[in-house]
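Each residue of the sequence shown is one higher than the one before, starting from 30 at the first, in this note's numbering. Shown next, in structure tokens, is the structure this report addresses.
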Amino acid sequence: MKKVLTQQNLDDILSIIRHQPAIRFMHFSDSDIGLCKKLKEVTIAHDYEYKLHILEDLLYESLSQNFEEKNISVQWTNLKSDRYTTSARFYDYLFVSTKIEDEMMEEFIKNVYRIIKSGGNIIMILKKEVSYLKLWQILEDNFFVAINSIELSDDYNLLIAKKMHGWGG
């Protein structure tokens, strides 16, 4: 049985956001719609921008119709293509609530680095059994700093890193 994030988990994740004008979110998700819905609510309430990348066909079909709002876009994404990072926009927060395969992780981090604002954050929701050492090293090697692991629940941790201001790529 798949563990889902509780309402308290979602509130804890969203407490990381520093509310200021014109925030942009990008989110990669495959099945848990709880965070998608919460980010949609925050986007509407604060007039932010939210780009949701869905990796699961059935979820895409459902959410693409239910998320038709101003400043919100939903896109089906294949991580084997780097087209998901061809954007003239830079994002303040990049949420990852899907599993990225180990062999794709470094390429994924390099790709998303290009679209995160300088000083922006990547927030990864990871199952507790995942080893963070390799991921931590990949983030450091790709100019992310202030990397922290935060216990979210008995099942999940957050891994948060900040794009180094003015350095790298």
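Positions of the beta carbon are idealized from the N, C-alpha and C atoms, including for glycine.
Helix, strand or coil at residue i according to DSSP, with G and I counted as helix
i: Met30; result: In this prediction, Met30 scores a pLDDT of 40, lower than 50, which makes its location untrustworthy; no coordinate-derived value is stated.
i: Lys99; result: coil
i: Gln104; result: strand
i: Ser58; result: strand
i: Leu155; result: strand
i: Ile194; result: The amino acid occupying residue 194 in the given sequence is His; Ile does not appear at that position. Coil, per DSSP.
i: Leu84; result: coil
i: Lys66; result: helix
i: Ile145; result: strand
Residue i - containing alpha helix (DSSP H), residue span
i: Asn38; result: Gln36 to Leu43
i: Phe137; result: Asp131 to Tyr142
i: Asp170; result: Leu162 to Asp170
Residue j beta carbon less than 8 angstroms from that of residue i
i: Asn186; j: Lys157; result: yes
i: Ser60; j: Glu90; result: no
i: Lys69; j: Phe96; result: yes
i: Ile167; j: Met134; result: yes
Environment of residue i [buried if 16+ CB atoms lie within 10 Å]
i: Ser116; result: exposed
i: Ser44; result: exposed
i: Ile148; result: Ile is not the amino acid found at residue 148; the sequence shown has Gly there. Classification for Gly148: exposed.
Span of the beta strand (DSSP E), counted from its first residue to its last, around residue i
i: Ser126; result: Tyr120 to Ser126
i: Ile22; result: Because the chain is modelled from 30 through 198, residue 22 falls outside the range shown and cannot be assessed.
Exercise. Is it true that the stretch 137–145 meets the stretch 170–188, where meeting means three or more beta-carbon pairs spaced less than 8 angstroms apart?
Worked result: yes
Problem set entry | Segment contact flag, the stretch 114–131 with the stretch 43–62, C-beta cutoff 8 angstroms, min 3 pairs | yes
For this session: Spell out a yes or no on whether the stretch 71–78 and the stretch 88–104 are touching, meaning 3 or more CB-CB pairs, one atom from each, closer than 8 angstroms.
Result: Yes: the two stretches touch, three or more of their Cβ pairs being nearer than 8 angstroms.
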